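In the order they appear, the protein sequences are chains A and B. For the first sequence, the positions run 993 to 1650 when our numbering is used. For the second sequence, the positions run 10 to 465 when our numbering is used. Report on the structure given below.
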Amino acid sequence: MMERRADPSSVDPRELGLRVGLEIHQQLATRRKLFCSCPAELSGEGEPSDVFVRQLRPTRSELGEVDIAALFEWRKGRMYRYHAPRMHSCLVEADEEPPHEMNREAVVIALAMARAFNSMVVDEIYVMRKIVIDGSNTSGFQRTAIVALGGAVKLPSGKTLGIQSIAVEEDAARKLGEEGRFTDYLLDRLGIPLIEISTAPDIESPEEAYEAALTIGQMLRLTGRVKRGLGTIRQDLNVSIKGGAKIEIKGVQRLDLLPKIVLYEALRQKRLLEIRDELRRRGVSREDVVSNASIVDVSDVFKETKSKIIRRSLQRGGRVLAVRLYGFAGLLGVEVQPGRRFGTELADYARFWGGVGGIFHSDELPGYGITAEELEQVYKALKANPERDAVVLVADEERKARKALEAVVERAAMALEGVPKETRAANEDGTTRFMRPQPGSARMYPETDIPPLEVTEDMLAEAEKLKPPHPMEKMEELRRRYGLSDDLARQLLRSPYLPLFETLAEELAGKLSASYIASVFTNILRSLQREGVPVERLGEEQLEAVLRKAAEGAVGKDAVPELLAYLAKNPGASVEEAIEKLGLRRVDTADVERLVEEAVEKLRQEILARGQRALSKVMGAVMPKLRGRVDGRLVAEIARRKIEEVLRQASGAPERAS
Amino acid sequence: MSGLPGYTGAARRVLERAGASVGDYVELVTSDGRVFRGILMPRYALSQKPIVVLKLDNGYNVGVRVDEHAQVVVLKTREAVLREAAAGAPAPVPLLEEQPRREGLPRVSVLGTGGTIASKVEYETGAVKPAFSSEEILEAVPEVGFIAEIKARVVMNILSENMRPRYWERIVEEVAREIEGGAEGVVVAHGTDTMAYTAAALAFALRGLPVPVALVGAQRSSDRPSSDAAFNLLAAVLYAARYEGAEVAVVMHGETGDTYALAHRGTRVRKMHTSRRDAFQSINDRPLARIYPFERRIEPLQEPLRRRGAEELRVENGFEEKVALVKYYPGMDAEVIDFLVDRGYKGIVLEGTGLGHVGEWLVDSIKRAVDSDVVVVMTSQTLFGRVNMNVYNTGRKLLAAGVVPAEDMLPETAYVKLSWLLARYEPREARRLIRVNLAGEIGERHTLDLYPRWPL
C-alpha cells in the first residue's frame, strides 16, 4: 500500500530529472499602450466608464480543432461584461476599431533585453494573434510579436541559462469577478505592453528557478523602463520530471512562491507515477477501469439521506449518479501534493467537464452526512468490491452528473499511463489545480490589421542605451560607488526602488549617507510591512519627499519610519500633513537646551554621583518628549555638555570667560 | 497557394535557387551566420526589402533580411507539412451537441455576394477562405439550423467597395429566383461598405415583395472569436424566417454589445461609422424591429410597409449607370456640373447644404442640365431633416431652374432611386416619381424623437 501523505521533504528534484522552463511577463513603462494611444496605466477610482456585454465564439481551425475550454464556456452561454473606463480605454480595447501601429517604444525596450542576452534580433517584426477565449481579450486573441530569438543569461551560480525567445505582447483585461453566466472585466489593463521572455527548459532545481526569475527580473528593472509593483510581473512555468509530462503552470505572481510550486509539481508527478506503479502492481489495466465503469443512478439509496448537499440536489430535481473505479481502493485518498489528494484531481476533471460542484469518493466516506450503510448500498448497486474498488458519486442534474463521472473515469484511466498533459493554475499555498487540457501546438494567426515593423538601425541604437548591465556588475557598482555592504547592495538589487535610490544617493550626498537611504528602501520598508503597514501603497514621490525632509533636517531620521507608516495608511496625505499630525515638527536647539537643562537639574544628584555615566538617564528623560523631532545625536551632545557644566561647577573649577 | 507570392529581388533569387515555395519547411542561414527554421510564408508587405518571412515552430512569424549569400534548404515540402498537420489533428468536435429537427421550419435562402459571414482560416498561411455552402454555414453557426431550414449558395464574390449597379441587377435576379422557388425569407450576405446602396436597390426593384429580405454583414471578420458575423447572421435569419412584414432591411448589431440587432429599412439606412459593430443607423426613420438573437425574439418598432404574402412579387430590374451623386462644397466650380452634362449623364443627385442649397454661381449650369433633360435632384448633406427650397432665395432660384427637391430622402437612396427610375421612365415621369414614396424612402412626418442626441 502507498504512503497516504505527500511529503515534499522526501523529494530530491535533481534525482527525479526535474526540468523547468520559465516564461516571464513584465509590463513595460511606456507612455502609451501597445496598439492605441491610451495611457499605459490603470484607471483611477470613480472614472466614468461604459459597460457592454459580449460573447466569444470558439473559432475552428481548418483542421476542425476547437479550443475545448472555450467551447464549454460558450455552450454554457458564458457572457463577458466589459467595463471601459473612458480615460484608459478606447474603441481599440472595445474591439470596435482596428489596432494602430505597434508602439516602437515597447519594441525598443524588448530590443534592449535582446542585446543584454545576446539574442538574435529579427529584421521584421510580425504581430500574431494568439487565440485566448476566456474573455480577457475583447478580440478573443492576444496580439504578440517575436522580437528576438536565442541568447543566454548567466545566473549568480555561474550556470548559463538559455533564452528561447523575446516577444512583445498586449496585457489582458483585469477580471473583476463572476456573477451567474456573466464574467466582468475592466479594460484599463488591456493593451498595456508586456515583454515575454521564455527560457530554455534548462532549470534543474526549484532554487535555480527562483534564481533565474530573480536575475531576469532584475535585468528588466535595470532598463529603468518597466513597471513596478504587484501584478506588473508574472511567471508561467513548464515543469517536468523523468517519466512525467511537461506541465504548464500559469500566472505565478509571487516570486517567493516559485520554488515551492516547482517542488510541489515535481512531487505531484512523482506521486502520480507511484500511483501508476501501484495500479500496475495490482494488475489493473486501462481496460479493467473503462469496461467496469458503467454509471448507475443511485438516487434511491439517498431518499432519506442526512447529507445536505445530496438532499438539496435531489429536491431540485437532480440525481445521484455513481461509478466504480476498478482497482482504485484506497488510492483516491492518496495525497499528490500536501493537502491535495488524487481524489481532488478527479474532482477538478468533474468540475471542468461536467460543470458540477464536486464529487464524493469512497476514500472520504462515510462523511459529509453520507453514512456507512449508504456507502455499502452504493457499492452493492455498482457490484463493486470495497476491498478492491473505489466509488465516486456526483449529485447534480443528470446530464451534468453523467459528464462529470465520464470525465472522472477518463482521468482515472489516464492514471495508468502516469501524468496527463495539463495546463494548471497555481494556488496560494504552492499547490496547483487543473485548469484545462493542454491545447495542441499554439494556434497563431497573422494579425492582418497591422503591417510588419522593420527593425531599424535607429531602434537598435536606442536599445543599446537602455541595455541593462548584468545584476552582478550592478552590485559591484553599488558597492564601489556608494560604499554599500554586500548585503545592502544585494537587497537593493531586488528592490523596485533601485533607480530612486541612485537618484537620491547622488542628490542627497553629504546630507544623508547612501547606506542610510538604501536601508530605508530595504530594511525599514520590510520591517514596516512586517508590522502590517500597507507599504505597497507608498508612491515614489512620497518616499522621496520623506527622505528629502530628513536630509534638510526638517525631521529626524528616527521619524522616517513613523512618517512612512502614516503616509501608507493615509493615502492622499502630504508629508507636511503627516509631520503636523504626528507632532514631528522639528524643535529648535534653544528648546532642546531648555529641556535638557530641566532634566539635568532634576537629575543633579545622580549626575554628581555617576558623572557622564548619567547621560543615559538624562537622555531617557528628554527623548520621549523629542522623539522624531530632533536628531538624537544633537540631544546627546547638548546633554553631555550640560552634564560637564554641572560637574565642573561642583568641582569648583572656574568657568572660562567667554 | 504555392510559388513565391510577394517575393522580389534578392529574396526571390535566394528562394528560387533552393527550389523553395510557400508552405515548405525550410532552414535559412543568413550571411551573418544566423540560423532560422520555419514554414515559408507569402510576403504581403508592400515594401520591396529583401525579407523572407518564416513561421517558426512556436507559431510566430518573423521576417529575416537576406542577401545573395544567404542559404536556404528545403527540409520538408508543403505537402509533407500539411500531411503531418492533418495526421496530428484530433477528431472534430461540433459546436453544438443537439441536432436541429429538420422538418417544419421556415425555408430561408442565404445568398453570398462576397462578405465573409462564414470563413475558415488556413493555419499555414493565415489566409481566410470563404466558406459558404449550407453545410459550412451550419457548421460555423449551427444555431441557425434551429430557426430555419437553410439553403445557401454563393452568387458572386465582390468586395463591397467594388459593387456596381449591374451587380445589383444580378442580386435582384437571384433573390427573386429564391422567392419564386419557395423561400419564406432571404438573407443576402454583403460587405458592409456599400450594403445600404444594395439594400435600397433591392427595395425599389422587388415590387410587391411577399417575404422579408435581410442584408447582413460583419464589421469584425468571421475568423476571430469576437466576430459579429454569427450574431448578425442569426438575427438576419430570424428576421427572414419570422418577421411579420415583407421588407428589405439591413440587419446588424444595434449597439456595441451582443444584446440586440436592429432591422433597418433598406431605403433609410446608412453606415455611420468606419468600424463599430453598430455602424448602421436608421436616418429620419425608426428601425423596423429590434431582434434578440439569443432569445430568438423580434420586437417590432414600427409598422411594416407590407405584410408577408400581401402581394405578388413583380420584379422591375435595371439600373441606369449614368447617374452621379455630387456633394456640394464651398469651392465647387460650375464645370463639375457641365462635365457631367457634356458626358451624357442622365441624372445628378446633389448633396446640398442645409435645406438644399448650392452656391448661386452653379444655378446657370444646373439650368443648362435640366434644359438638356438631365434630372437634377436635391438632397441635403445634413442627412437628418427634410430639404425645403422655398425658405431662401437660392433655393427658390434652384427650384426655378428645375431642381427636384427629394424630401427627407438619404442622398444615397435618392441616387439609387434615380438610377432605377431613369432605367425605365422618361425624365418627366422620373421627376414626378422621385417625390412619390415607393419603398418607404420618404416620410411625411418627423417627430422630435427622430434625432440622436448625447445622453444627459
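Just so you know, even glycine gets a beta-carbon here, dropped at the ideal spot from N, CA and C. Since the structure is predicted, the reported quantities are computational estimates derived from the model, not experimental observations.
Helix, strand or coil at residue i according to DSSP, with G and I counted as helix
| i | result |
| --- | --- |
| I188 (chain B) | helix |
| P1491 (chain A) | helix |
| A29 (chain B) | coil |
| Q1047 (chain A) | coil |
| Q57 (chain B) | coil |
| R216 (chain B) | strand |
| K1001 (chain A) | Looking at the sequence itself, residue 1001 (chain A) is Ser, so the reference to Lys does not match. S1001 (chain A) falls in the helix class under three-state DSSP. |
| R295 (chain B) | coil |
| I1195 (chain A) | strand |
| I1125 (chain A) | coil |
| S1041 (chain A) | strand |
| E1469 (chain A) | helix |
| P1438 (chain A) | strand |
| N166 (chain B) | coil |
| G121 (chain B) | strand |
| F1133 (chain A) | strand |
| L314 (chain B) | coil |
| Q1641 (chain A) | helix |
| M1451 (chain A) | helix |
| N70 (chain B) | strand |
| D1059 (chain A) | coil |
Alpha-carbon spacing of residue i relative to residue j, whole angstroms
| i | j | result |
| --- | --- | --- |
| L24 (chain B) | T1440 (chain A) | 24 Å |
| H1462 (chain A) | R1024 (chain A) | 28 Å |
| R1006 (chain A) | G200 (chain B) | 60 Å |
| G1226 (chain A) | G42 (chain B) | Just to set this straight, residue 1226 (chain A) is Arg in the shown sequence, not Gly. Distance between the alpha carbons of R1226 (chain A) and G42 (chain B) is about 34 Å. |
| G1603 (chain A) | K1561 (chain A) | 44 Å |
| R1596 (chain A) | E1494 (chain A) | 48 Å |
| L364 (chain B) | R295 (chain B) | 22 Å |
| Q1534 (chain A) | E1528 (chain A) | 12 Å |
| L1141 (chain A) | G72 (chain B) | 12 Å |
| G394 (chain B) | L465 (chain B) | 23 Å |
| L1556 (chain A) | A1543 (chain A) | 15 Å |
| A288 (chain B) | S1131 (chain A) | 18 Å |
| P1330 (chain A) | E1532 (chain A) | 40 Å |
| Y206 (chain B) | T422 (chain B) | 7 Å |
| E325 (chain B) | A238 (chain B) | 31 Å |
| I1138 (chain A) | P1185 (chain A) | 13 Å |
| S1650 (chain A) | Q1641 (chain A) | Here the model assigns S1650 (chain A) a pLDDT of 40, short of 50, so the residue's position is not dependable, and the following value carries that caveat. When rounded, the distance between both Cα atoms is 16 Å. |
Beta carbon proximity, residue i to chain A, threshold 8 Å
| i | result |
| --- | --- |
| I60 (chain B) | yes |
| M10 (chain B) | Its pLDDT being 49, under 50, M10 (chain B) is placed unreliably in this model, and the coordinates cannot settle the point. |
| S374 (chain B) | no |
| S284 (chain B) | yes |
| P234 (chain B) | yes |
is_contact[residue i, chain B] using C-beta, thresh 8 Å
| i | result |
| --- | --- |
| A1086 (chain A) | yes |
| V1045 (chain A) | yes |
| I1442 (chain A) | no |
| G1275 (chain A) | no |
| I1138 (chain A) | yes |
| R1049 (chain A) | yes |
| F1133 (chain A) | yes |
| E1449 (chain A) | no |
The ligand MG heavy atom lying under 7 Å from the CB of residue i
| i | result |
| --- | --- |
| L407 (chain B) | For the ligand MG, the structure offers nothing, since it holds no ligand at all. |
* Every unbroken alpha helix (DSSP H) within the stretch 1287-1348 of chain A, with a cutoff of 4 residues, ordered by chain -> 1300-1307 and 1334-1346
* Counting only runs of 4+ residues fully inside the stretch 1512-1571 of chain A, write out the alpha helix (DSSP H) ranges in chain order. => 1517-1522, 1532-1544 and 1552-1561
* If contact means a Cβ-Cβ distance below 8 Å, which residues of the stretch 1115-1127 of chain A contact chain B? -> So the list reads D1115, E1116, I1117, Y1118, M1120, R1121, K1122, I1123 and I1125, given in the order they occur along the chain.
* Asked: Enumerated in chain order, which unbroken segments of the beta strand (DSSP E) with a length of 3 residues or greater are wholly contained in the stretch 1234-1268 of chain A?
  -> 1239-1244
* To do: Output, in sequence order along the chain, the residues in the stretch 260-273 of chain B whose CB is closer than 9 Å to any CB in chain A.
  => E264, T265, G266, D267 and T268
* Positions along the stretch 1297-1314 of chain A whose CB lies within less than 9 Å of some CB in chain B -> none
* **Cβ-based contacts, 7 Å cut-off: residues of the stretch 238-257 of chain B near chain A** => A239
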